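For the sequence shown, my numbering gives the first residue as 23, with consecutive numbering after it. Each residue gets a CB set at the ideal place from its N, CA and C atoms; glycine is no exception. The model shown is predicted, which means the values in this text are computed figures rather than measured ones. Below you'll find the structure, written out as structure tokens, and then a few comments.
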Amino acid sequence: MPKEATTGAKTESRKMAEQIYDMIMGAIEQDLLLGNIPGLDSKYAHENEVEHKARMKRYKEAYKKFDTELAGFMGRIKNETRMSKRSSLRKKEQKARRAEEQELENLEAAFQ
Numbered sequence: 023m024p025k026e027a028t029t030g031a032k033t034e035s036r037k038m039a040e041q042i043y044d045m046i047m048g049a050i051e052q053d054l055l056l057g058n059i060p061g062l063d064s065k066y067a068h069e070n071e072v073e074h075k076a077r078m079k080r081y082k083e084a085y086k087k088f089d090t091e092l093a094g095f096m097g098r099i100k101n102e103t104r105m106s107k108r109s110s111l112r113k114k115e116q117k118a119r120r121a122e123e124q125e126l127e128n129l130e131a132a133f134q
């Protein structure tokens, strides 16, 4: 595979990973969306130490929940992919079987 294609695939994979991260994290903790993280220091510049510790605890819990949600999401993707593969193979087998049956019918007709 050419280097450009590999780089393009990596870029697409990264974009997809970022979209999945934001999709899952968006339902858990808005502050931790990829676009929001760079601005957190200025957003919370006024907070005291107690507030900061509470926020860090909240973020820690958010990342734990994220990991759980991501594992579930990836499991569902794996199952869907497996089912799609099976369905595709089943359709291909049915098509091949119909073609074989047609050939047999043609051969039988030729000998009659």
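Confirm, please, whether the CB-CB distance from residue j to residue i is below 8 Å.
| i | j | result |
| --- | --- | --- |
| residue 83 | residue 77 | no |
Got a sec? Which residues, its chain only, sit under 7 Å from residue i by beta carbon, not counting five neighbours each side?
| i | result |
| --- | --- |
| residue 55 | 44, 47, 48 |
| residue 88 | 46, 47, 50 |
Can you tell me whether DSSP reads residue i as helix, strand or coil?
| i | result |
| --- | --- |
| residue 49 | coil |
| residue 30 | helix |
| residue 74 | helix |
| residue 57 | coil |
| residue 67 | coil |
| residue 41 | helix |
| residue 134 | coil |
Who are the near neighbours of residue i in its chain, counting only those whose CB is closer than 8 Å to its CB and skipping five residues on each side?
| i | result |
| --- | --- |
| residue 73 | 66 |
| residue 81 | 51, 53, 54 |
Can you list, in chain order, the residues of its chain with a C-beta nearer than 6 Å to that of residue i? Leave out the 5 residues immediately preceding and following it.
| i | result |
| --- | --- |
| residue 71 | none |
* To do: Tell me the start and end of each unbroken beta strand (DSSP E) in the region 94-118 that is at least 3 residues and wholly inside, in chain order.
  => none
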